[in-house]
Amino acid sequence: AHPNIALIREEVTAVPDTPAIIASGPLTSSALTASISQLTGEQYLYFYDAVSPIVDHDSIDLNIAFRQSRYDDGQEEGDYINCPMTKEEYDRFCDALLAAETITLKQFEQEDPHFFEGCMPVEVMAQRGRKALAFGPMRPVGLIDPRNGKRPYAVVQLRQDNLVGSLYNIVGFQTNLKWGEQRRVLRLIPGLENAEFLRYGMM
48 AHPNIALIRE EVTAVPDTPA IIASGPLTSS ALTASISQLT GEQYLYFYDA VSPIVDHDSI
108 DLNIAFRQSR YDDGQEEGDY INCPMTKEEY DRFCDALLAA ETITLKQFEQ EDPHFFEGCM
168 PVEVMAQRGR KALAFGPMRP VGLIDPRNGK RPYAVVQLRQ DNLVGSLYNI VGFQTNLKWG
228 EQRRVLRLIP GLENAEFLRY GMM
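Residue numbers for the sequence shown, in this note's numbering: 48 to 250.
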């Protein structure tokens, strides 16, 4: 325990007058919601969360995809499975992503479309510019494709999602694409041409 921190195990029903960080999440009680609403002048509060698609490990083509951590930090096998892309493959993927059909947003989302920067749909990132993904979740820095000894133009990373290593999520690929579109577009990623999706991404 820290001398400047007091742990109080009881419900907080009002915003205190002293400086405070409020991080109550989606299960905020009605009383605290009313207090925050009164303080901010906002009728509604937003909670942002998202999930990335999950792929069956056995459906990943490991003749193309490779295990490696960024900058090869001394591990024999990296924490991530990496799907490397050439510029041509990246461009084809971006074109398909930008043309893909998305779900219809709820009315309040259409009226005030804004996204938390750390939890942005992959297709919205792609709309920001041709290289946005290559400098974002698909940045290749610190990775070398063992097939040719070169850094790929872009990389899609997969992270282990369960203890036995049978499930991998696609890092940073939360999305509002319709499920059929996700399957079509994500199978353009080298190494995922025959991917079996056990969960699709959503916001």
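Quick reminder that beta carbons are idealized off the backbone N, C-alpha and C, glycines included.
(message) Looking at the secondary structure, which residues open and close the alpha helix (DSSP H) in which D103 lies?
(response) Looking at the DSSP string, D103 is not in any alpha helix (DSSP H); the run it does join, the beta strand (DSSP E), is I101 to D103.
(request) Give the DSSP bridge partners of R206, in chain order. (result) Y127 and N216
(request) Starting from the C-beta of R198, find all residues in its chain whose C-beta is less than 8 Å away, skip the five residues before and the five after it, and write them out in chain order. (result) P187, V188, L190, I191 and D192
(message) Determine whether the beta carbon atoms of V218 and S84 lie at a separation below 8 Å.
(response) no
(message) I need the DSSP call for M172, collapsed to helix, strand or coil.
(response) helix
(message) Closest to T60 by C-alpha separation, out of R230, P184 and A78, would be which residue?
(response) A78
(message) At the level of alpha carbons, what is the spacing between M132 and S213?
(response) 24 Å
(message) Please tell me whether M250 and Q221 are closer than 8 Å, where the distance is taken between their beta carbons.
(response) yes
(message) Under 8 Å, with one C-beta from each stretch per pair, do the segment 107-121 and the segment 229-248 reach the 3-pair mark?
(response) yes
(message) Can you list, in chain order, the residues of its chain with a C-beta nearer than 6 Å to that of S126? Leave out the 5 residues immediately preceding and following it.
(response) Note that residue 126 corresponds to Asp in the displayed sequence, not to Ser. S116, listed in sequence order.
(request) With a 10 Å radius around its C-beta and 16 neighbouring C-beta atoms as the bar for buried, classify N36 as buried or exposed. (result) Within the shown structure, residues of the chain are numbered from 48 to 250, placing residue 36 beyond reach of any answer.
(request) Look at the alpha carbon of Y137 and the alpha carbon of R246, and state the distance between them as a whole number of angstroms. (result) 23 Å
(request) For E243, count neighbouring C-beta atoms within 10 Å of its own C-beta (all shown protein chains included) and say buried if the count is 16 or more, exposed if not. (result) exposed
(message) Would L144 and A173 be called neighbours here (beta carbons separated by less than 8 Å)?
(response) yes
(request) List the endpoints of the continuous alpha helix (DSSP H) containing F140. (result) K134 to A146
(message) At the level of alpha carbons, what is the spacing between N241 and L224?
(response) 19 Å
(message) Please report the distance separating the alpha-carbon of C130 from that of L86.
(response) 47 Å
(request) Consult DSSP for R230 and reduce its assignment to one of helix, strand or coil. (result) helix
(message) Mapping the DSSP letters down to three states, classify A181 as helix, strand or coil.
(response) coil
(request) Note down the Cα distance separating R170 from V102, rounded to an integer number of angstroms. (result) Strictly speaking, residue 170 in this sequence is Glu, with Arg absent from that position. Using only the alpha carbons, I get a separation of about 19 Å.
(request) Measure from the alpha carbon of V62 to the alpha carbon of each residue in N51, A97, T75 and E148, then state which is nearest. (result) T75
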